[in-house]
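Chains as they are written, first to last, in my numbering: chain A, 4 to 371; chain B, 2 to 335.
A short worksheet on the structure shown next.
Printed below as a string of structure tokens:
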């Protein structure tokens with residue numbers, strides 16, 4: 004039986020995290036992290052605000068499309084916008100992202116189009132975009148598996164003498180997976196330029212993070228010899244600063260880093276999930292107060308840097324993106340049946356080629 | 002032509018591949034200073050450096066998983082799994098990631114990755130060191146699975162596997178590492194037969210004997226003994242287990258009308274099951290007797306002092322030939 008006390012669990016939950024914008028939108032100075040966001044003048048902050056609003060709007064539209072039967076499934080990112088936008092906007096074009104299936108906002112920052120975001124979830128393909136074109140692998144469904152790919156990719160970056168970085172996104176649940184532990188072992192041993200970016204959204208479907216760990220997730224990295232930062236994942240400025248600081252260290256050749264972004268999954272695990280079965284609505288009220296978008300809006304308004312016209316323009320842009328996503332989604336047709344045989348192998352394959360021919364002949368039998 | 006062991010032929014293939022393509026890297030447990038537990042990578046780290054012949058931490062899932070990442074970066078990794086029984090921790094990365102990446106990305110990301118695995122029993126080893134797990138990989142779409150029986154094939158097919166743009170599971174029959182044969186180290190790959198084809202080793206009119214890997218030399222012994230008794234056994238070395246060269250096998254079976262399939266792995270849903278089903282579909286009207294399988298039993302690999310009762314040998318395969326000829330006094334269990 005667990006001997007962990009409620010006090011210890013509370014201590015893990017409330018462990019310090021880097022925060023630059025508090026819940027009221029007030030900016031707190033930080034000698035360690037301010038230099039990494041010195042360029043964030045109001046215009047740049049408004050860009051981040053626009054990103055946050057747009058990705059939340061896209062997420063809502065995709066959720067609606069699933070409810071309307073146009074998508075088979077959708078894993079909402081609601082609540083995690085700052086963790087994803089803040090980290091995604093810290094990356095360079097030649098960095099490479101390996102994500103799980105909820106990083107729609109990271110994909111957005113990589114330049115993935117709204118329509119491409121939903122291809123997978125409409126069930127017409129297993130990958131919505133060409134990874135080599137956007138510097139981001141397609142969504143990984145097996146929990147934690149992509150952390151090894153990121154580490155190997157980073158080993159390759161190092162062998163190539165580049166200062167690019169591979170970024171592995173994963174959740175609190177994934178930290179229990181052996182692959183994630185193995186990835187950190189390899190990354191540390193080979194000083195691979197990889198950033199382990201853990202979004203602790205408190206839930207692995209129905210299991211609260213305390214089932215995965217009674218301690219602080221970020222503390223695990225130290226056991227592998229990997230420095231870690233714990234950051235308020237709902238503070239986009241802090242996430243951007245923490246990610247930039249980690250990337251700078253990695254690019255300097257100092258090996259892997261680990262970031263735990265503390266956030267909250269405000270929606271269900273996926274549209275197939277029913278969180279009312281396992282979590283208290285009061286929890287949501289607490290985290291609604293920490294909303295990443297409202298926090299930045301308060302900060303900007305406090306500085307006189309966000310007026311009603313600008314907010315309206317941002318909302319209109321978000322609506323346009325959502326309309327593009329909807330129209331793009333509805334226009335996605337089912338691929339040709341025989342395309343299921345394509346790309347299984349690079350070249351001819353005796354057995355599969357025979358099966359394709361047989362099935363093609365079978366289908367032709369329906370041509371009257 | 003040079004006479005060398007199968008193991009040395011593999012080493013030569015790795016050396017040649019490392020020399021020819023700067024994106025080839027070799028990685029695995031103890032592949033560096035030790036040269037691998039079977040010495041297949043002997044001397045390679047000294048020659049090519051620790052950046053290209055990489056001693057990894059002891060984590061098979063990570064060996065394959067990071068090799069996938071390296072391949073995505075444009076490298077051509079060759080992983081060594083130390084023993085057949087150690088591949089299972091990497092199974093998820095192989096089945097769920099490696100095999101699917103090209104299909105998942107509609108051809109945008111291919112993974113030219115070779116996984117070398119010493120395979121099979123007969124060496125008196127401890128548990129988990131004598132397994133024949135090939136069926137798991139043959140069953141997985143997206144992988145090519147091959148095995149070798151001669152030094153020349155070991156050399157040529159490993160180079161072909163490394164040059165292949167698909168992931169290849171490359172099984173090395175560990176009890177045949179010391180088999181000697183002639184190898185042309187300078188042969189041009191372009192002149193070599195494709196590595197997805199079977200090879201007919203002996204001509205015979207009475208029974209087709211299909212096998213692969215460590216049992217190929219045994220099958221040749223079977224053919225020699227049977228010939229003394231006036232029975233012509235046509236031995237087919239499959240070489241490739243996925244895809245199967247059914248054309249070569251079926252052409253032989255249509256001529257002989259009788260077939261025996263032999264492998265070390267357990268019988269249930271093994272490669273022999275697929276072969277017999279495919280042969281029956283393709284050659285039903287030509288078969289004089291039911292196809293016969295001579296395989297390991299459906300048991301966990303036994304302790305080494307009893308492995309002779311598990312592994313098909315000369316006598317058990319001869320018995321199978323007798324059954325295929327319809328003249329055995331041993332009935333096949335239903």
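Ideal Cβ placement from N, Cα and C applies to all residues, glycine included.
Note down, one range per segment and in chain order, each beta strand (DSSP E) of at least 3 residues found wholly within the stretch 169-223 of chain B.
-> 169-174, 181-184 and 208-212
At which residues does the alpha helix (DSSP H) containing residue 281 of chain A begin and terminate?
-> Looking at the DSSP string, residue 281 of chain A is not in any alpha helix (DSSP H), and its letter there is neither H nor E.
Report the rounded CA-to-CA distance for residue 222 of chain B versus residue 78 of chain B, giving the unit in angstroms.
-> 37 Å
Cβ neighbours of residue 297 of chain A in the same chain (closer than 7 Å, five flanking residues each side left out) = No residues qualify anywhere along the chain.
What does residue 109 of chain B touch in chain A if you count any residue whose Cβ is under 7 Å from its own?
-> 133, 134 and 135
Per DSSP, residue 241 of chain B is paired with what?
-> B:147
From the DSSP output, read off the bridge partner residues of residue 229 of chain B.
-> DSSP lists no partner for residue 229 of chain B.
Taking the DSSP output, what are the residues bridged to residue 24 of chain A?
-> A:30
Residue 148 of chain A versus residue 173 of chain A: straight-line alpha-carbon distance, rounded | 9 Å
CB-CB length for residue 319 of chain B against residue 226 of chain B, believed under 8 Å = 6 Å
Going by Cα to Cα distance, which pick from A:27, A:18 and A:23 is closest to residue 304 of chain A?
-> Comparing Cα-Cα distances from residue 304 of chain A to each of A:27, A:18 and A:23, the minimum goes to A:27.
Can you list the residues of chain E that residue 90 of chain A reaches, using a CB-CB cut of under 7 Å?
-> In summary, chain E is missing from the structure at hand, where the protein chains are A and B.
CB contact check: residue 109 of chain A to chain B, cutoff 8 Å | no
Hey, does residue 192 of chain A have any beta-carbon neighbour from chain B nearer than 8 Å?
-> yes
Apply the 10 Å Cβ neighbour rule to residue 295 of chain A and answer buried if 16 or more other Cβ atoms are within range, or exposed otherwise.
-> buried
Runs of beta strand (DSSP E) lying entirely within the stretch 258-335 of chain A, each at least 3 residues, in chain order = Every beta strand (DSSP E) of 3 residues or more that sits fully in the stretch 258-335 of chain A is shown, in chain order, as 260-265.
Is any beta-carbon of chain A found at less than 8 Å from that of residue 267 of chain B?
-> No, residue 267 of chain B lies away from the interface with chain A (no Cβ there is under 8 Å from its Cβ).
For chain A, find out if any of its Cβ atoms is closer than 8 Å to the Cβ of residue 73 of chain B; answer yes or no.
-> For residue 73 of chain B, the nearest beta carbon of chain A is closer than 8 Å to its own beta carbon.
Keeping to the same chain, check which residues put their C-beta closer than 6 Å to that of residue 199 of chain A; ignore five residues upstream and five downstream.
-> Cβ neighbours of residue 199 of chain A beyond the five flanking positions: 171 and 261.
Between residue 63 of chain B and residue 189 of chain A, what straight-line distance do the alpha-carbon atoms span, to the nearest angstrom?
-> 7 Å
May I ask you to verify whether the stretch 181-188 of chain B touches the stretch 36-45 of chain B, counting CB pairs closer than 8 Å and requiring at least 3?
-> no
Can you tell which of B:140, B:153, B:108 and B:65 has the C-alpha that lies nearest to the C-alpha of residue 118 of chain B?
-> Nearest to residue 118 of chain B by C-alpha distance, out of B:140, B:153, B:108 and B:65, is B:65.
Under 8 Å Cβ-Cβ, which residues of chain B neighbour residue 106 of chain A?
-> By Cβ distance, chain B contributes nothing, its closest Cβ being about 17 Å from residue 106 of chain A, past 8 Å.
Alpha carbon to alpha carbon, how far is residue 34 of chain B from residue 220 of chain B? Give it in angstroms, no decimals.
-> 37 Å
Helix, strand or coil for residue 155 of chain A per DSSP?
-> In the structure shown, residue 155 of chain A sits in a helix (DSSP, three-state: H, G or I).
What residue range is occupied by the uninterrupted beta strand (DSSP E) comprising residue 56 of chain B?
-> 54-56
Between residue 31 of chain B and residue 38 of chain B, which are expected to be in contact by the criterion C-beta below 8 Å, what is the C-beta distance as a whole number of angstroms?
-> 6 Å
Proximity to residue 98 of chain A [Cα-Cα], best of A:222, A:247, A:361 and A:289 = A:247
For residue 229 of chain A, decide whether its Cβ has a neighbour in chain B, counting only Cβ atoms nearer than 8 Å.
-> At a cut-off of 8 Å between beta carbons, residue 229 of chain A makes no contact with chain B.
Cα-Cα separation, residue 186 of chain A to residue 59 of chain B = 12 Å
Same chain, Cβ closer than 6 Å to residue 155 of chain B, neighbours up to 5 away in sequence not counted = 7, 10, 11 and 149
Check the Cβ-Cβ distances between residue 253 of chain B and every residue of chain A, and say whether any is below 8 Å.
-> no
Per-residue burial, residue 214 of chain B [other beta carbons within 10 Å of its own, 16 or more giving buried] = buried
Minimum C-alpha distance to residue 243 of chain A - residue among A:86, A:15 and A:20 = A:86
Reducing DSSP to helix, strand and coil, say where residue 211 of chain A ends up.
-> strand
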